[in-house]
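Take a look at the structure below.
2 protein chains.
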Amino acid sequence: MNIPKIIRAALTDGECELVLKNAKVVNVFTGEIIDGDIAITDGVIVGVGKYRGKKEIDICGKYVAPGFINSHVHVESSMATPEVYAMEELRQGTTTIITDPHEIANVGGMTALSEILSAASRVPINYYVMLPSCVPSTPFEHSGASLNVRQLSYFKNDPNVLGLGEMMNSVGVIACDKEIVAKLDEFSDMVIDGHDPMATGKKLNAYISAGVHTDHESISYDEAVEKLRAGLAVLVREGSATKNLEAIMKGIIKNGTDTTRLAFCTDDKHLAEIRSEGTIRHNVELSVKLGLDPVKAVQIATINAARIYGLKRIGAIACGYFADLVVLEDLENFRILDVYKDGIRLQDIPQPERYEYSRSLISPIYFSELSEDCLVIPEKEKYSVIGVVDKQIVTQKLDFSADDLKKHISDGRINKIAVIERHNATGNIGKGYIMGYGKIHGAIASTVSHDSHNIVVVGDNDADMIYACKELKRIGGGYVIVSDGKTVGELSLPLGGLMSLKSAEEVITEIDTVIKKAYELGVNKNIDPFITLSFMALPVIPELRITDCGVFDVTRFEFVR
Amino acid sequence: MNIPKIIRAALTDGECELVLKNAKVVNVFTGEIIDGDIAITDGVIVGVGKYRGKKEIDICGKYVAPGFINSHVHVESSMATPEVYAMEELRQGTTTIITDPHEIANVGGMTALSEILSAASRVPINYYVMLPSCVPSTPFEHSGASLNVRQLSYFKNDPNVLGLGEMMNSVGVIACDKEIVAKLDEFSDMVIDGHDPMATGKKLNAYISAGVHTDHESISYDEAVEKLRAGLAVLVREGSATKNLEAIMKGIIKNGTDTTRLAFCTDDKHLAEIRSEGTIRHNVELSVKLGLDPVKAVQIATINAARIYGLKRIGAIACGYFADLVVLEDLENFRILDVYKDGIRLQDIPQPERYEYSRSLISPIYFSELSEDCLVIPEKEKYSVIGVVDKQIVTQKLDFSADDLKKHISDGRINKIAVIERHNATGNIGKGYIMGYGKIHGAIASTVSHDSHNIVVVGDNDADMIYACKELKRIGGGYVIVSDGKTVGELSLPLGGLMSLKSAEEVITEIDTVIKKAYELGVNKNIDPFITLSFMALPVIPELRITDCGVFDVTRFEFVR
Numbered sequence: 049m050n051i052p053k054i055i056r057a058a059l060t061d062g063e064c065e066l067v068l069k070n071a072k073v074v075n076v077f078t079g080e081i082i083d084g085d086i087a088i089t090d091g092v093i094v095g096v097g098k099y100r101g102k103k104e105i106d107i108c109g110k111y112v113a114p115g116f117i118n119s120h121v122h123v124e125s126s127m128a129t130p131e132v133y134a135m136e137e138l139r140q141g142t143t144t145i146i147t148d149p150h151e152i153a154n155v156g157g158m159t160a161l162s163e164i165l166s167a168a169s170r171v172p173i174n175y176y177v178m179l180p181s182c183v184p185s186t187p188f189e190h191s192g193a194s195l196n197v198r199q200l201s202y203f204k205n206d207p208n209v210l211g212l213g214e215m216m217n218s219v220g221v222i223a224c225d226k227e228i229v230a231k232l233d234e235f236s237d238m239v240i241d242g243h244d245p246m247a248t249g250k251k252l253n254a255y256i257s258a259g260v261h262t263d264h265e266s267i268s269y270d271e272a273v274e275k276l277r278a279g280l281a282v283l284v285r286e287g288s289a290t291k292n293l294e295a296i297m298k299g300i301i302k303n304g305t306d307t308t309r310l311a312f313c314t315d316d317k318h319l320a321e322i323r324s325e326g327t328i329r330h331n332v333e334l335s336v337k338l339g340l341d342p343v344k345a346v347q348i349a350t351i352n353a354a355r356i357y358g359l360k361r362i363g364a365i366a367c368g369y370f371a372d373l374v375v376l377e378d379l380e381n382f383r384i385l386d387v388y389k390d391g392i393r394l395q396d397i398p399q400p401e402r403y404e405y406s407r408s409l410i411s412p413i414y415f416s417e418l419s420e421d422c423l424v425i426p427e428k429e430k431y432s433v434i435g436v437v438d439k440q441i442v443t444q445k446l447d448f449s450a451d452d453l454k455k456h457i458s459d460g461r462i463n464k465i466a467v468i469e470r471h472n473a474t475g476n477i478g479k480g481y482i483m484g485y486g487k488i489h490g491a492i493a494s495t496v497s498h499d500s501h502n503i504v505v506v507g508d509n510d511a512d513m514i515y516a517c518k519e520l521k522r523i524g525g526g527y528v529i530v531s532d533g534k535t536v537g538e539l540s541l542p543l544g545g546l547m548s549l550k551s552a553e554e555v556i557t558e559i560d561t562v563i564k565k566a567y568e569l570g571v572n573k574n575i576d577p578f579i580t581l582s583f584m585a586l587p588v589i590p591e592l593r594i595t596d597c598g599v600f601d602v603t604r605f606e607f608v609r
Numbered sequence: 049m050n051i052p053k054i055i056r057a058a059l060t061d062g063e064c065e066l067v068l069k070n071a072k073v074v075n076v077f078t079g080e081i082i083d084g085d086i087a088i089t090d091g092v093i094v095g096v097g098k099y100r101g102k103k104e105i106d107i108c109g110k111y112v113a114p115g116f117i118n119s120h121v122h123v124e125s126s127m128a129t130p131e132v133y134a135m136e137e138l139r140q141g142t143t144t145i146i147t148d149p150h151e152i153a154n155v156g157g158m159t160a161l162s163e164i165l166s167a168a169s170r171v172p173i174n175y176y177v178m179l180p181s182c183v184p185s186t187p188f189e190h191s192g193a194s195l196n197v198r199q200l201s202y203f204k205n206d207p208n209v210l211g212l213g214e215m216m217n218s219v220g221v222i223a224c225d226k227e228i229v230a231k232l233d234e235f236s237d238m239v240i241d242g243h244d245p246m247a248t249g250k251k252l253n254a255y256i257s258a259g260v261h262t263d264h265e266s267i268s269y270d271e272a273v274e275k276l277r278a279g280l281a282v283l284v285r286e287g288s289a290t291k292n293l294e295a296i297m298k299g300i301i302k303n304g305t306d307t308t309r310l311a312f313c314t315d316d317k318h319l320a321e322i323r324s325e326g327t328i329r330h331n332v333e334l335s336v337k338l339g340l341d342p343v344k345a346v347q348i349a350t351i352n353a354a355r356i357y358g359l360k361r362i363g364a365i366a367c368g369y370f371a372d373l374v375v376l377e378d379l380e381n382f383r384i385l386d387v388y389k390d391g392i393r394l395q396d397i398p399q400p401e402r403y404e405y406s407r408s409l410i411s412p413i414y415f416s417e418l419s420e421d422c423l424v425i426p427e428k429e430k431y432s433v434i435g436v437v438d439k440q441i442v443t444q445k446l447d448f449s450a451d452d453l454k455k456h457i458s459d460g461r462i463n464k465i466a467v468i469e470r471h472n473a474t475g476n477i478g479k480g481y482i483m484g485y486g487k488i489h490g491a492i493a494s495t496v497s498h499d500s501h502n503i504v505v506v507g508d509n510d511a512d513m514i515y516a517c518k519e520l521k522r523i524g525g526g527y528v529i530v531s532d533g534k535t536v537g538e539l540s541l542p543l544g545g546l547m548s549l550k551s552a553e554e555v556i557t558e559i560d561t562v563i564k565k566a567y568e569l570g571v572n573k574n575i576d577p578f579i580t581l582s583f584m585a586l587p588v589i590p591e592l593r594i595t596d597c598g599v600f601d602v603t604r605f606e607f608v609r
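Shown next, in the form of structure tokens:
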């Protein structure tokens, strides 16, 4: 920052590089809307008032707010690379994102983290990283990597690192697990994100007292306000799968609860949805439609998040703050007319160059030769079947006799499901049955399967399932749909088997196509074919899951025999 | 912090070291008052709710708020040492102070700073230090030390240092003075305090854009709100000499201005006043009496200041926060019933041991031999006289002919005033005349004279003035009152010539006595004999001042010939 240049620009009319004339400025500090010109030099706001500049852009009385902050997001869930994702957020008025790259870290460990941080430093938005705290997420599966406290500590001084990512293992925290305590201790001078769904009372108190600062898992006002009272900043989430905003904000508005400890986030949101409705812009719009004061909504979307994460010179339109700005049609629909990042207008910001990711992260699909009978499940008297629940990511544990199982397999209501370890060719294959996925004729396989991201495959016959897995290797990871021995749909996600290397437009089109193909194959229309599948392997959400080690009963905390 | 111990205490009823039972807890995060027990272990709050503990104290339904934060204070102005001052604040519910030791730094430079930081680490409150940015405050005088950017940078990593102290040289900032810009640059990653009275418009914008974060000089709502809008956090001051709270808070309340960027401070407040009314407690009480919501007042006094200065785990009663608490009779008069610091009750906190300050800081009074005629002022045709204004620290420039001057000297309305360099025995003596100090019979001398703290002496005859200066050397600095060649009053301030080494009670009694003596000598009852005198040497406040280099016209920025 060139201080003398900034001082002269603020002081002398006509010295500014850029002046946005005739704006209605949302002042998050006083809670006012103020008419004025915004003077910018060296990427910094040097004044709001009457200014002339070397270049002037007439805002024509439209509203200007600080650039939005997405306080918690997993970029991998968009299936776009960081550089593609960043531009997509930017177009929607988000100038700062706080990310947790724990998906790619489960695949690529230290290499993945260093690569993401390297990419983060090159994109045209503020791309902050919380270091993944739970890799792998449980000991009941095999991921591509694990990250211990010493490994995480190497990244502490990276300027884009703000702290420790969501501590999902709340059971481990409360049990004073040694490695977890060591991580909390190591990062006690930075921000530590939480993840503690439905926690309450003394367990919640213990979890927070251990050093956790935020939580984005509240699904009701009561949950949110208990967490606020106890000391957590509450990140109000509105993502693709999880939509919590209405329940929380309705209560906040109704009870007049102080909003200074709220921020907005998406957690996981698909590119197509971001393209159509934005991220934080959407949270703001929804909140205002529910009755929240628009300036309060903007505060939540900007300065609040900046305070919670200790971000300096971000989140306000004020002297000395970075000129991260969003121009809005109005404060009702929050339609975005323009965006500025560090004083540069969106149209003048080039799409960042494709970052060359480490070869080891490209198409990392390593599984043992699959024999013809590798998916055969030994006969038993009784079977526990994973029951898919429409529009939910929780599952049910369904018990069937051998006869009933056979009956439902033949009528197509039960499919086989398998998880094949794909990081170290261990030969591990977990096998089981699933009900409610749909009467499919063929197989669907994916390398996206939370959080270890092994191959998850579902089908009505072993041959198509095995072929789908082999096809996944061919396309370098992603999604594959197979029917009668032929690939009828595919989406290539070579970066870690999670992200496409293509443009946003291409990714969106390809996702639409492959989802359509999946429904044509017979997938239940009340679920997302791939997202639902990807969560079948996450052994922390009740009731029944499957990992590369077998079918896992989350409630009993043990594998099904 | 022992994380496992804290987790177990939060989780398990009866495990806590201390539980404050039946409190009405002021929750600064939600803006609520919540009934509950406060559970404390290892100095940390581990939960609010229903708790049993190894030790329990019944709060009997009284209010408990977070310990107050004094966001800007010069401890030297109390005339007590840091360890005495800290205890005085603590008794009044302040558990954190943010200080700027620029008075003692003007006397003792690097040694003084290191000594204050050393003392700060030993007192039983959070004693943060902003490094003095303007030592000396102007080039028109000789202080005991100067501090350049390189010297200040050595202290950056001290855990008690939060940033750069009030940048009083706003003229230098706007003029892009090289050394000032270097200081702003060096501390751009920390908090930089401002001091820019009556600044407005583009000059204010330039000052803030240079990197300044706070200001405590607002004297009206309009001034405060312009500063808030432009990006400054406003520290609302209620000190001994400067009382700005009513004017600012009335406007805040009337206009419903967002209060999140306000904090409370005292700047300069005497020990006796602290003893009788407290510091931040008094600001809170006054604000509520003016009509501010009590919870908002507590937020301003606690979490707001913590956010502005980036203090972690301070300013709230919440899990993981330090157990800095104040028990209040009610939320009207804010009478303090008890105080806890890091979970330890006030009555159990021992007075900190006297810190052994470096010898070079004790009685640093070094001036040349004073000859009989050293105060003689050459005859001129016209004289510019410093005009004291009742109850103000501004002065007037009064012009008199030689005859009129003589007349008023003989009728006692005009006295002689001199500033004698006392740090390096340069022999510098500034001499002039003063009107409005009172018809005194004798002389009053002080080593407290902002900001260079040379000797300032006023009197109706040279002999008593010279004798008073010599007496100051004898008592090691402080205040001396002389009449007819005899010392009739004195206050010894040997630490830097600014602070007493005695207890609070002794200091308060001695100050009362010496002030009484000064009025008996004839000092104008509408001024404070010593504080008014101490500001006569501060060449940054209009209109006429005196330094060891002579009488200085602040408006014209030049010495009077």
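Top line first, the protein sequences correspond to chains A and B.
Note that the working numbering numbers the first sequence so that position 268 is 316, with each residue one more than the last.
Note that the working numbering numbers the second sequence so that position 194 is 242, with each residue one more than the last.
Note that CB positions come from ideal geometry on N, CA and C, so glycine has one too.
#1: For Pro398(B), is the classification buried or exposed, using 16 other Cβ atoms within 10 angstroms of its Cβ as the cut-off for buried?
#2: Have a look at Gly339(B), Ala134(B), Ile392(B), Leu232(B) and flag the residue whose alpha-carbon is nearest the alpha-carbon of Leu66(B).
#3: Quick one: using the 10 Å Cβ neighbour count with 16 as the cut-off for buried, is Gly460(B) buried or exposed?
#4: Would a check of beta-carbon distances place Asp341(A) closer than 8 Å to chain B?
#5: Given 8 Å as the limit, is there contact between the stretch 101-118 of chain A and the stretch 406-413 of chain A, that is, 3 or more CB pairs closer than that?
#6: Between which two residues does the beta strand (DSSP E) holding Glu538(B) run?
#7: Closer than 7 Å to a non-hydrogen atom of the ligand GDP - does that hold for the CB of Asp438(A)?
#8: Report the neighbours of Ser458(A) on chain B: residues whose CB is nearer than 8 Å to its CB, in chain order.
#9: Roughly how far, in whole angstroms, is the beta-carbon of Gly211(B) from the beta-carbon of Ile240(B), given that I think they are within contact range, below 8 Å?
#10: Please compile the residues from chain B whose C-beta is within a distance smaller than 7 Å of the C-beta of Arg170(A).
#11: Can you find a C-beta in chain A that's less than 8 Å from the C-beta of Ala320(B)?
#12: Provide the residue span of the beta strand (DSSP E) that contains Met178(B), from first to last.
#13: Quick one: is Met49(A) near chain B, going by C-beta distance under 8 Å?
#14: Are Glu622(B) and Ala450(B) touching if we call contact CB-CB under 8 Å?
#15: Along the stretch 75-94 of chain B, what residues have a CB closer than 9 Å to any CB found in chain A?
#16: Do you know how far the Cα of Tyr414(A) is from the Cα of Ile145(A)?
#17: So, with DSSP's three-state summary, where would you put Ile322(A)?
#18: Based on Cα-Cα distance, which residue from Glu274(A), Gly279(A), Pro590(A) lies nearest to Ile256(A)?
#19: Under 8 Å between C-beta atoms, does Leu418(A) make it to chain B?
#20: State whether the stretch 565-572 of chain A contacts the stretch 416-426 of chain A, with contact taken as three or more CB pairs (one from each stretch) at a distance under 8 Å.
#21: Rounded to the nearest angstrom, what separates Val76(B) and Ile93(B) at their Cα positions?
#22: Would you mind telling me which residues of chain A sit closer than 7 Å to Cys64(B), beta carbon to beta carbon, in chain order?
#23: Mind checking if Thr143(A) is an interface residue toward chain B, Cβ cutoff 8 Å exclusive?
#24: Find the nearest neighbour of Ser169(B) within the set Ile488(B), Lys298(B), Ile267(B), Ala134(B), judged by alpha-carbon distance.
#25: Does any C-beta atom of chain B lie closer than 8 Å to the C-beta of Thr474(A)?
#26: According to the Cβ coordinates, are Ala610(B) and Val504(B) closer than 8 Å?
#27: Name the DSSP beta bridge partners of Cys517(A), please?
#28: Of the choices Thr314(B), Ile328(B), Val608(B), whose alpha-carbon is the least far from that of Val433(B)?
#29: Is there contact here, the stretch 53-72 of chain A with the stretch 245-261 of chain B, by at least three beta-carbon pairs under 8 Å?
So, from the data block:
#1: Taking the second sequence and counting its residues from 1, the one referred to as residue 398(B) is at position 350. Counting Cβ neighbours within 10 Å, Pro398(B) comes out exposed, since fewer than 16 surround it.
#2: To locate residue 66(B), count along the second sequence from 1; it is residue 18. Among Gly339(B), Ala134(B), Ile392(B), Leu232(B), the Cα nearest to that of Leu66(B) belongs to Ile392(B).
#3: Residue numbering aside, residue 460(B) sits at position 412 when the second sequence is read from its first letter. That one is exposed.
#4: As a first step, residue 341(A) must be located in the first sequence, where it is residue number 293. No, because no Cβ of chain B sits closer than 8 Å to the Cβ of Asp341(A).
#5: no
#6: Counted from its first residue, the second sequence places residue 538(B) at position 490. Element bounds for Glu538(B): 534-540.
#7: Absent from the structure shown: the ligand GDP. Ligands present: none.
#8: On the first sequence, position 410 is the one that residue 458(A) refers to. Simply none; closest approach about 51 Å.
#9: Residue mapping note: residue 211(B) aligns to position 163 of the second sequence, counting from 1. Residue mapping note: residue 240(B) aligns to position 192 of the second sequence, counting from 1. Yes, they are in contact, since the Cβ atoms of Gly211(B) and Ile240(B) sit about 6 Å apart, within 8 Å.
#10: As a position in the first sequence, residue 170(A) is number 122, starting the count at 1. Simply none; closest approach about 22 Å.
#11: Translated into positions along the second sequence, residue 320(B) becomes position 272. Not closer than 8 Å to any Cβ of chain A, the Cβ of Ala320(B) fails to qualify, so no.
#12: Translated into positions along the second sequence, residue 178(B) becomes position 130. Where Met178(B) is concerned, the enclosing beta strand (DSSP E) stretches over 174-179.
#13: Mapped onto the first sequence, residue 49(A) falls at position 1. Yes, its Cβ sits closer than 8 Å to a Cβ of chain B.
#14: Residue coverage of chain B in this structure runs from 49 to 609, which leaves residue 622(B) outside it and unanswerable.
#15: Asn75, Val76, Phe77, Thr78, Gly79, Glu80, Ile82, Ala87, Thr89, Val92, Ile93, Val94
#16: To locate residue 145(A), count along the first sequence from 1; it is residue 97. To locate residue 414(A), count along the first sequence from 1; it is residue 366. The straight-line gap from Cα to Cα measures roughly 32 Å.
#17: Taking the first residue of the first sequence as position 1, residue 322(A) is located at position 274. In this structure, Ile322(A) counts as helix in the three-state DSSP scheme.
#18: Taking the first sequence and counting its residues from 1, one reaches residue 256(A) at position 208. Considering only alpha carbons, the answer is Gly279(A).
#19: Position 370 of the first sequence, counting from 1, holds the residue named residue 418(A). Leu418(A) does not count as touching chain B.
#20: no
#21: As a position in the second sequence, residue 76(B) is number 28, starting the count at 1. As a position in the second sequence, residue 93(B) is number 45, starting the count at 1. Their Cα atoms are separated by approximately 15 Å.
#22: Translated into positions along the second sequence, residue 64(B) becomes position 16. Per Cβ cutoff of 7 Å: no residues; Cys64(B) is ~11 Å from chain A at best.
#23: On the first sequence, position 95 is the one that residue 143(A) refers to. No - not a single Cβ of chain B is within 8 Å of the one on Thr143(A).
#24: Translated into the one-based positions of the second sequence, residue 169(B) becomes position 121. Minimum Cα distance to Ser169(B) is reached at Ala134(B).
#25: Here residue 474(A) refers to the residue found at position 426 when the first sequence is read from its first residue. No - not a single Cβ of chain B is within 8 Å of the one on Thr474(A).
#26: Here chain B comprises residues numbered 49 to 609, so residue 610(B) is not present and cannot be evaluated.
#27: Translated into the one-based positions of the first sequence, residue 517(A) becomes position 469. Answer by DSSP bridge pairing: none, since Cys517(A) is not bridged.
#28: Here residue 433(B) refers to the residue found at position 385 of the second sequence. Closest by alpha carbon: Val608(B).
#29: yes
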